[in-house]
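Numbering follows the numbering used here, with no gaps: position 366 of the sequence shown is 366. Glycine included, C-beta positions come from ideal geometry on N, C-alpha and C. Since this is a predicted model, take the numbers as computed values, not measurements. Worksheet: the structure to be examined is printed underneath.
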Amino acid sequence: MAHIDLIIQDILNTINDLLEVKNKDTSYFNVVKVVLRKLYTISTENNIEDIVFELEGIEKMLQEDKNEDREKYIEKLVKIKQIIEQKIAEKSRILIFPDSDDALNELIVKLKDNNVEVIISRGDAVDAIFAYNPNAVIIQNNKNINAVTILKSIREEKILEQIPIIVISDEDYNTKLECLKLGVIDYINYNFNVEEVYLKLLNIVNMSSKCLKNTVYDIATGLYTRKQGEILASSLLIKAQREEKDGTLLLIDFDFMGEINKKLGLSFGNRIINKVVSEFKKYTTKVDISYRMSGDEFAFIFYDRDIKWVKNVAEQVLSFAKQYGEEIQQNVSFSAGISSITKDNPEYKDILVRARGALAVAKMEGRGRVVVDVDSAKQNNMINILFVDDDRIILSILKSRYKNKGYNVFTASDGLEALEILKENDIDLVVTDYYLKLMNGDELIKKIRENNRDIPIIVLSSQKNEDYIKRTLDLGADDYVVKPFSPVELDSRIKKLLD
């Protein structure tokens, strides 16, 4: 249930974001629908009856998606927010690593009777703490459990900085000193008074709750926590607006971390996340803001960087992540959504919702993709160029060159693939080789012109015959460049047609 608790907490954070958004447009309701579906699935699979009851019939409503029902979506969010907040408020959580349940049995019963959630774990300590996110930890030091060893493994992950830990053990002065040096908050001998330890634990839990609530940095990555990150992000975007600079949000969500965590453990998963996040840090300045939104989701707010630059960075880090995954023989990638300040949506909550919408599209398109919010793309005049060539080396060169020049680049290795890209994307210019597999250049031009008379088309060909050139232009191409071509010349031809 631990992972479910964390997921529901993440959904609560998302609901809070959604309820604060002022501009409730189509992108907003697309995100709302994703959240409601996800919550219904989680609640059904894990028998969270009150939420299942509240969402009864939601799938039919979402499929019909009537405009008049959209207010009901908001009502559902408000009701579920209340249910989740009540559940969270009801219980504190203590994680216990026991050597023998009997020795702590009376204390465990006392805690449970007073509505404290007690979790017994005999697995890896680091993974358990990451999974359950407890308010306090108890380690029973005995013949089968070495508290010092556990404390050392936890300290390596820097968890002791925020999680209060108590050791219960035989009276051993040297072990006590060593545990205290490793940061435990108390060392309690056996034959303890249950009432006294219970009251002490309550005080520790209350103190822990207050401290965690006001934490500035995420314990696993060193980035800002969500609360602190959102405060700083809002301030940064206000600064960007005031100074008439670009302010761009990149939202990433790791695609397969659930599987990796389940198979190899949360500490291993955190190392993967840190590796990729560290790569993003190379592109951030002291002004930019980076924070952990939830378990596998991160936000990067870039000051004075436009969406073209941010998209290029995201794709470079995505390539790095996939390469790193191959090295460790794991499926490592992330999906990303990008949005920026626009005249109509200057507030951070609105920008966040639009980035979430773009991220949802990236997930639906098959993961491992970077998608720019439509409104942001229009506002920033992002130009989409499609290069078509069956020579992958030429495609790679063209893609790299024009991405670095700030264009949004699509590539296809044949005419059929090109037509599919044109169907699904708003392409501003096509540059195609004449000789292609499956469909040659003149057939591709005919097909494009059947659907779009205005899109500029440049043909690249090694054929210098004037009859070929005339035929291509007559079919509807706007320009013809002979291979081998000068990159500077192609730059000029592209710029001329786009202008």
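Item: Distance CB(residue 232)-CB(residue 289) smaller than 7 Å; Value: yes
Item: Cα-Cα separation, residue 2 to residue 48; Value: Below a pLDDT of 50, predicted positions are generally treated as unreliable, and residue 2, at 46, falls in that range; the measurement from the model is reported next regardless. So the two alpha carbons sit approximately 13 Å from each other.
Item: Exposure label - residue 143; buried when at least 16 CB within 10 Å; Value: exposed
Item: Whether residue 250 touches residue 320 by CB criterion (7 Å); Value: no
Item: Sub-7 Å separation of residue 387 and residue 431 beta-carbons; Value: yes
Item: The segment 395 to 406 / the segment 357 to 364 touching (three or more Cβ pairs under 8 Å); Value: no
Item: Span separating the alpha-carbon of residue 20 from that of residue 31; Value: 14 Å
Item: Range covered by the beta strand (DSSP E) that runs through residue 461; Value: 457 to 461
Item: Cutoff 6 Å; reference residue 376; Cβ partners in own chain excluding five residues on either side; Value: 307, 339 and 340
Item: Three-state class that DSSP yields for residue 187 in the structure shown; Value: strand
Item: Residue 245 versus residue 468 - alpha carbon distance; Value: 48 Å
Item: Residue closest to residue 37, alpha-carbon to alpha-carbon, out of 22, 15 and 24; Value: 15
Item: Start-to-end residues for the alpha helix (DSSP H) that takes in residue 360; Value: 348 to 364
Item: Segment contact flag, the segment 173 to 191 with the segment 237 to 244, C-beta cutoff 8 Å, min 3 pairs; Value: no
Item: CA-to-CA distance, residue 411 to residue 418, given in whole angstroms; Value: 8 Å
Item: Among 126, 162, 166 and 94, nearest to residue 134 - alpha-carbon criterion; Value: 94
Item: Cα-Cα separation, residue 270 to residue 247; Value: 29 Å
Item: Own chain residues within Cβ distance below 7 Å of residue 414, not counting five before or after; Value: 390, 436, 437, 438 and 439
Item: Inside the segment 164 to 247 only - beta strand (DSSP E) runs reaching at least 3 residues; Value: 165 to 169 and 186 to 189
Item: Under the three-state DSSP convention, the category residue 486 falls into; Value: coil
Item: Cβ distance (whole Å) where residue 455 is taken to contact residue 429 below 8 Å; Value: 7 Å
Item: For residue 44 and residue 180, the rounded distance between their alpha carbons; Value: 44 Å
Item: Under the three-state DSSP convention, the category residue 408 falls into; Value: strand
Item: Three-state secondary structure assigned by DSSP to residue 332; Value: coil
Item: Rounded Cβ spacing between residue 55 and residue 73 (contact assumed at less than 8 Å); Value: About 11 Å; that fails the 8 Å criterion.
Item: Status (buried if at least 16 other CB within 10 Å, exposed otherwise) for residue 291; Value: buried
Item: The alpha helix (DSSP H) enclosing residue 148, as first and last residue numbers; Value: 147 to 156
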